[in-house]
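K.L.:
Pasting a structure below so you can have a look.
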Amino acid sequence: DLTVTSGVGYTVGAPSLASGTITNDDTAVTLAVSPLAVSEDGATNLVYTFTRTGVTTNSLTVNFTISGSAAFPADYSQSGATLYAPPAGTVTFTAGSPTAQITIDPVADAFVEGDETVTFTLDPGTGYNVGTPSSATGTISNDDADVNVAVSPASVTEDGATNLTYTFTRTGFIGAPLVVNFTIGGTADFAE
């Protein structure tokens, strides 16, 4: 607001008050992922949500960097990005929308490996400011296991007090029950 006040050599005329508005044209973009982790073979996907605050009337393309231990497209596929060429990409907000999303769908495999991550980090660009949080990491949890078998001791006497003990050991994912199939061979007969 600007108001003309009394002074020497003039009189205050009407209107004596003028108001101007500075319209906010800033847009800030933030980033989050939900859920934080998904199973490699599960039905749930990682969903990265880009949220803009401020001006949302126009479409807006936002830049991001892709990192993490998961490799595209061997470990996951994506949908929702305007451009997806690791290590860089873009996502576009439609006019009027405060959010844009990218979905990461893990690729099921049978490899015993560690959990893998997919990280998106907002990069500066035209028409927006990078807000906080500016990065989000989702985890693809390994759900594969290897199973091996060992016997101890290696041999016993037929009438001895010691028995052969076969131990099944699994490595990798151990977070759920697992039924393991096996066959029996050799020259010994099973006695009932």
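Count the sequence shown with the working numbering and you get residues 199 to 390, in order. Each residue gets a CB set at the ideal place from its N, CA and C atoms; glycine is no exception.
1. Note down the Cα distance separating Thr288 from Thr317, rounded to an integer number of angstroms.
2. Gly218: which of Asn361, Thr201, Gly211 sits nearest, CA to CA?
3. Nearest to Thr249 by alpha carbon, out of Phe270, Gly370, Ala226?
4. Let's test the definition: count the other Cβ atoms within 10 Å of the Cβ of Glu356 and tell me whether it reaches 16, buried, or not, exposed.
5. Roughly how many angstroms separate the alpha carbons of Ala235 and Gly383, rounded to a whole number?
6. Please check the pair Leu320 and Val260, which I expect to be a contact at CB under 8 Å, by giving their CB distance rounded to whole angstroms.
7. Within 10 angstroms of its Cβ, does Pro304 collect 16 or more other Cβ (buried), or is it exposed?
8. Inspect the beta-carbon positions of Val354 and Thr365 and report whether they are closer than 8 Å.
9. Inspect the beta-carbon positions of Ser295 and Leu229 and report whether they are closer than 8 Å.
10. Just checking my contact of Leu244 with Thr290 at CB under 8 Å: how many whole Å lie between their CB atoms?
11. Rounded to a whole number of angstroms, what is the C-alpha to C-alpha distance between Gly358 and Thr337?
12. Starting from the Cα of Pro285, find the closest Cα among Asp273, Ile302, Ser277, Gly266 and give me that residue.
13. Does the Cβ of Ala298 have 16 or more other Cβ atoms within 10 Å, making it buried, or fewer, making it exposed?
14. Considering just the uninterrupted stretch of the beta strand (DSSP E) at Ser204, what are its terminal residues?
15. Indicate whether Thr381 and Asp344 have their beta-carbon atoms separated by less than 8 Å.
16. Looking at the strands, I want to know which residues DSSP matches up with Ile338.
17. Output the residue ranges of the beta strand (DSSP E) runs that lie fully inside the region 254 to 322 and measure 3 residues or longer, sorted by chain position.
18. Of the residues Phe309, Pro322, Ile264, Asp313, which one's Cα is nearest the Cα of Ser339?
P.N.:
The relevant details are as follows:
1. Counting from one through the sequence shown, the residue named residue 288 turns up at place 90. Counting from one through the sequence shown, the residue named residue 317 turns up at place 119. Distance from the CA of Thr288 to the CA of Thr317, rounded to the nearest whole angstrom, comes to 14 Å.
2. Translated into the one-based positions of the sequence shown, residue 218 becomes position 20. Closest in C-alpha terms to Gly218, from the list Asn361, Thr201, Gly211, comes Thr201.
3. The sequence position of residue 249 within the sequence shown is 51, counting from 1. With distances taken between CA atoms, Thr249 lies nearest to Ala226 out of Phe270, Gly370, Ala226.
4. As a first step, residue 356 must be located in the sequence shown, where it is residue number 158. With fewer than 16 other Cβ atoms within 10 Å, it is exposed.
5. For the purposes of this step, residue 235 is identified with residue 37 of the sequence shown, where counting begins at 1. For the purposes of this step, residue 383 is identified with residue 185 of the sequence shown, where counting begins at 1. Each residue's Cα considered, the two are about 42 Å apart.
6. Position 122 of the sequence shown, counted from the start, is the residue given in the question as residue 320. Position 62 of the sequence shown, counted from the start, is the residue given in the question as residue 260. Between Val260 and Leu320 the Cβ distance is about 7 Å, and since that is below 8 Å, they are a contact.
7. Looking up residue 304 in the sequence shown gives position 106. By the neighbour-count rule (16 or more Cβ atoms within 10 Å), Pro304 is buried.
8. Here residue 354 corresponds to residue number 156 of the sequence shown, with the count starting at 1. Here residue 365 corresponds to residue number 167 of the sequence shown, with the count starting at 1. No; because the gap between Cβ atoms is not below 8 Å, this pair is not in contact.
9. On the sequence shown, residue 295 is found 97 positions in, with the first residue counted as 1. On the sequence shown, residue 229 is found 31 positions in, with the first residue counted as 1. Taking 8 Å as the Cβ cut-off, Ser295 and Leu229 do not qualify as a contacting pair.
10. In the sequence shown, counting from the first residue as 1, residue 244 sits at position 46. In the sequence shown, counting from the first residue as 1, residue 290 sits at position 92. Between the beta-carbon of Leu244 and that of Thr290 there is about 19 Å, and that puts the pair past the 8 Å contact cut.
11. By 1-based counting over the sequence shown, the position of residue 358 is 160. By 1-based counting over the sequence shown, the position of residue 337 is 139. Whole-angstrom Cα-Cα distance: 52 Å.
12. Stepping through the sequence shown from its first residue, residue 285 is reached at position 87. The shortest C-alpha separation from Pro285 is found at Gly266.
13. Sequence index remark: in the sequence shown, residue 298 carries index 100 (1-based). With 16 or more Cβ atoms within 10 Å of its Cβ, Ala298 is classed as buried.
14. Taking the sequence shown and counting its residues from 1, one reaches residue 204 at position 6. Counting along the chain, Ser204 falls outside any beta strand (DSSP E), and DSSP gives it neither H nor E.
15. As a working note, residue 381 is residue 183 in the sequence shown. As a working note, residue 344 is residue 146 in the sequence shown. No, the Cβ-Cβ distance between Thr381 and Asp344 is not below 8 Å.
16. As a working note, residue 338 is residue 140 in the sequence shown. Beta-bridge partners assigned by DSSP to Ile338: Val236, Glu314.
17. Listed in chain order, the complete beta strand (DSSP E) runs (minimum 3 residues) inside the region 254 to 322 are 258 to 265, 274 to 277, 281 to 283, 286 to 291, 297 to 304, 314 to 321.
18. Taking the first residue of the sequence shown as position 1, residue 339 is located at position 141. Among Phe309, Pro322, Ile264, Asp313, the Cα nearest to that of Ser339 is on Asp313.
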